[in-house]
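Note that numbering that gives the first Met the number 0 has the sequence shown beginning at 0, numbered continuously upward.
Structure first, then comments.
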Amino acid sequence: MKRIAILGSTGSIGRQTLEVAAHLPDRLQVVGLAAGTNTSLLTEQINRFHPRFVWHSRAARTDLAGGQEGIAWLPLEEMVIQPEVDLVVMATSGKAGLGPTLAALQAGKQVAIANKEVLVMAGELLLPWRGQLLPLDSEHSSLWQCMMGERIEGISRLVLTASGGALRDYSVDQMARVTPGEVLRHPTWKMGKKITVDSATLMNKGLEIIETHVLFGMPYDRIGVLLHRESIVHAMVELVDGMVKAALSLPDMRLPIQFALTYPDRLAGLAPRLDLRAIGRLSFAEVDWARYPCLGLAVEAGRQGGTYPAVLSAADEVAVEAFLRGRLRFLQIGELVEAVLADHRAAGRADLASVVAADTWARAEAGRLVERALERV
0 MKRIAILGST GSIGRQTLEV AAHLPDRLQV VGLAAGTNTS LLTEQINRFH
50 PRFVWHSRAA RTDLAGGQEG IAWLPLEEMV IQPEVDLVVM ATSGKAGLGP
100 TLAALQAGKQ VAIANKEVLV MAGELLLPWR GQLLPLDSEH SSLWQCMMGE
150 RIEGISRLVL TASGGALRDY SVDQMARVTP GEVLRHPTWK MGKKITVDSA
200 TLMNKGLEII ETHVLFGMPY DRIGVLLHRE SIVHAMVELV DGMVKAALSL
250 PDMRLPIQFA LTYPDRLAGL APRLDLRAIG RLSFAEVDWA RYPCLGLAVE
300 AGRQGGTYPA VLSAADEVAV EAFLRGRLRF LQIGELVEAV LADHRAAGRA
350 DLASVVAADT WARAEAGRLV ERALERV
């Protein structure tokens with residue numbers, strides 16, 4: 000029995016984690032739940048899974064507990080270090096997951112992580128605990144599984160695949176006029192709004208390249224990207240002898256979630272089986288980097304290291320939120336991120352204080368540039 004705490008339990012990854020836990024009640028016990036704003040769903044989750052620890056950003060205890068006894072209301076950093084917690088599922092988004100992630104790792108907990116921003120903004124800080132990080136993204140889980148049994152010197156390159164997002168068949172002129180509603184119609188995955196927009200700009204893939212570097216220690220010049228419309232091949236590992244190992248499945252996040260939660264065991268799961276006869280064909284293409292400037296910005300920020308990835312992540316969050324609220328056009332997302340990165344001046348080696356300071360500065364600078372863009376409309 001593995002006892003898990005889920006931070007971000009009402010989001011997409013959190014909900015699917017609970018589906019996996021419900022499917023494997025003899026192997027997984029939910030002892031902690033934490034959520035941001037969805038009070039009604041968190042209440043349902045409490046009533047179903049009866050966690051020992053709960054946190055909510057707004058609701059009063061009586062709003063959620065429904066008279067249940069024995070629930071401890073703990074801040075996130077305290078919840079993740081409790082002796083009753085074996086594994087923390089970091090399903091939150093944004094910098095709110097940074098403190099709890101560090102606290103859990105320092106307490107010796109395994110962290111199954113889906114929070115891109117934490118891995119990107121503070122990747123250098125997490126390196127001492129790399130062995131405790133279990134990837135939840137489909138791409139990084141696929142790399143992890145394909146790399147098993149291989150020595151690092153036997154690997155020549157890691158390859159991530161990208162669907163291209165909702166705008167993959169749009170011209171650049173069309174992309175300049177798209178609405179948030181169009182961008183949020185992802186052709187293969189059902190995800191949160193932020194990551195869906197990032198999939199359309201390919202910022203998501205740029206962040207994943209940085210994550211790949213953090214999780215597996217692979218140099219940036221040995222991490223590649225291919226466009227793959229079908230979202231069946233999630234990642235590939237090229238070996239020095241010319242062999243390529245690939246991970247294939249239908250696009251279903253419950254597969255990588257279950258693998259991380261039950262590792263090293265592999266158990267029957269909920270995801271539907273892949274039928275390649277029904278798929279028919281798999282296509283691959285080179286990425287047009289000029290069409291996707293956010294991809295290049297992310298890779299360059301990763302190469303720069305220090306606080307540049309934190310600035311990248313924060314500026315992108317502000318830009319995407321502004322786009323979703325109708326305050327920026329789609330193509331202005333990359334322009335804003337580029338401008339904020341250009342204005343950033345790193346201060347030596349990254350530590351927690353400098354990462355947080357860089358994040359704060361980047362959000363303020365990005366917000367200022369959004370307002371300036373609105374003034375020009």
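We treat Cβ as the ideally placed atom computed from N, Cα and C, and that holds for glycine.
Predicted model only: the values in this text are computed from it and were never measured.
Which residues in the same chain as residue i place their Cβ atom closer than 7 angstroms to its Cβ, once the five residues preceding and following it in sequence are excluded?
i           : result
residue 288 : 294, 295
residue 376 : Summary for residue 376: the model assigns pLDDT 47, below 50, so the residue's position carries little reliability, and this model does not support an answer.
residue 298 : 205, 208, 219
residue 91  : 6, 7, 114
residue 186 : 162, 165
Tell me which same chain residues have a C-beta within less than 6 angstroms of the C-beta of residue i, skipping the five on either side of it?
i           : result
residue 141 : 233, 234, 246
residue 121 : 97, 354
residue 145 : 236, 244, 246
residue 184 : 165
residue 222 : 157, 208, 211
residue 349 : 123, 305, 306
residue 89  : 6, 96, 100, 110, 112, 114
residue 259 : 111, 133, 135
residue 16  : 5, 88, 256
Taking Cβ positions, are residue i and residue j nearer each other than 7 angstroms?
i           : j           : result
residue 100 : residue 117 : yes
residue 11  : residue 191 : yes
residue 83  : residue 30  : yes
residue 225 : residue 158 : yes
residue 335 : residue 318 : yes
residue 19  : residue 257 : yes
residue 5   : residue 13  : yes
residue 368 : residue 338 : yes
residue 135 : residue 255 : yes
residue 37  : residue 9   : yes
residue 75  : residue 33  : yes
residue 0   : residue 44  : no
If you draw a straight line from the alpha carbon of residue i to that of residue j, how long is it in whole angstroms?
i           : j           : result
residue 39  : residue 21  : 19 angstroms
residue 86  : residue 169 : 42 angstroms
residue 56  : residue 41  : 11 angstroms
residue 26  : residue 130 : 22 angstroms
residue 94  : residue 193 : 14 angstroms
residue 52  : residue 363 : 34 angstroms
residue 150 : residue 124 : 25 angstroms
residue 107 : residue 347 : 28 angstroms
residue 322 : residue 302 : 27 angstroms
residue 277 : residue 228 : 15 angstroms
residue 195 : residue 50  : 31 angstroms
Which residue from the options puts its Cα closest to that of residue i?
i           : options          : result
residue 7   : 130, 30, 306, 35 : 35
residue 231 : 242, 252, 223    : 252
residue 177 : 326, 269, 263    : 326
Quick one: residues in its chain with C-beta nearer than 8 angstroms to the C-beta of residue i, no 5 flanking neighbours on either side, listed in chain order?
i           : result
residue 175 : 328, 329, 330
residue 152 : 239
residue 273 : 231, 247, 248, 249
According to DSSP, simplified to helix, strand and coil, what is residue i?
i           : result
residue 80  : coil
residue 55  : strand
residue 376 : Residue confidence is low: residue 376 scores 47 on pLDDT, short of 50, so the model does not pin down where it sits. No coordinate-derived value is stated.
residue 156 : strand
residue 108 : coil
residue 278 : helix
residue 19  : helix
residue 143 : helix
residue 224 : strand
Using a Cβ-Cβ distance under 7 angstroms, would residue i count as near chain D?
i           : result
residue 235 : Absent from the structure: chain D. Only one protein chain is present.
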